[in-house]
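First comes the structure, then the notes that go with it.
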Amino acid sequence: MDADDARPADADVAADEVDPEAIDPDALLARVGFDPEANVLTRRQAEVLALRERGLRQSDIADYLGTSRANVSSVEASARANVDRAKETIAFAEALSAPVHVEIAAGTDLYDAPRRVYDACDEAGVKVNKTAPDLMKTIGDRAGDAVRGREVRHRLFVTVTDEGTLRVRKP
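Following my numbering, the numbering of the sequence shown begins with 235 at its first residue and continues without gaps.
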């Protein structure tokens, strides 16, 4: 499956079926307040993401922008990688101020994670409003491929804010 097929078929719209105002990248970016000076995305990356979010295929975006589909695919991949890095940066910054930090080593049984989190929260005087099964599910879901079954396959960092919000990061 190529990147053009990554979106559901009913979300793909040919460029000639879209209202011209809806496809105007300048209008789209202005409407959402894109500021290239304060953003991790280049203007071209923002354009491509905005048009893709409107359901356009990469080939239609390429035609509209006067470039190749391969170039649009490359720009989109770079944009999505930049967004992922920005999300990780935010998670890291939030983790710095979190009062609870728990490292869960690779090879740990996921069933041991709640006790470790609860112990660290007790020590910091932070309440977690999750049962042990809910905590294991949250860690497993947020860890993605770092957890398989009950095994933590890659090191994880679990942080808990003063409000009890749990964040799971893979380094």
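For every residue, glycine included, the Cβ atom is placed at its ideal position computed from N, Cα and C.
Three-state secondary structure assigned by DSSP to residue i
i, result
"phenylalanine 268", "coil"
"threonine 372", "helix"
"threonine 276", "coil"
"aspartate 343", "strand"
"valine 351", "helix"
"threonine 365", "coil"
"valine 309", "helix"
"arginine 384", "coil"
"threonine 323", "helix"
"valine 402", "strand"
"glutamate 397", "coil"
Cut-off 6 Å between Cβ atoms - residues of its own chain near residue i, not counting five sequence neighbours on either side
i, result
"valine 317", "none"
"histidine 233", "This structure gives no information on residue 233, because the portion of the chain shown stretches from 235 to 405."
"leucine 283", "Ala313"
Residue nearest to residue i in terms of C-alpha spacing, selected from the options
i, options, result
"aspartate 379", "Thr395, Lys364 and Val402", "Val402"
"arginine 387", "His335, Gly341 and Ile324", "Gly341"
"asparagine 363", "Asp375, Thr395 and Glu385", "Thr395"
"proline 348", "Arg314, Ile324, Arg384 and Arg319", "Arg384"
"alanine 339", "Gly267, Pro405 and Ala315", "Pro405"
"aspartate 356", "Gly398, Glu337 and Ala296", "Gly398"
"alanine 358", "Arg286, Ala332 and Glu281", "Ala332"
"glutamate 322", "Pro367, Val274, Leu299 and Val360", "Val274"
Closer than 8 Å to chain D by CB, residue i
i, result
"leucine 285", "Of the protein chains in the structure, only one exists, and it is not chain D."
Assigned exposure category for residue i - 16 Cβ within 10 Å defines buried
i, result
"valine 381", "buried"
"isoleucine 257", "buried"
"isoleucine 324", "exposed"
"proline 259", "buried"
"glutamate 271", "exposed"
Own chain, CB closer than 8 Å to residue i, minus 5 neighbours either side, in chain order
i, result
"aspartate 343", "Arg384, Glu385 and Val386"
"alanine 329", "His335, Phe391, Thr393, Arg401 and Arg403"
"threonine 372", "Lys364, Leu400 and Val402"
Spatial neighbours of residue i in its chain, beta-carbon cut-off 7 Å, leaving aside the 5 residues before and after
i, result
"valine 360", "Pro333, Val334, Val394, Asp396 and Gly398"
Between the segment 312-330 and the segment 296-304, are three or more C-beta pairs nearer than 8 Å?
no
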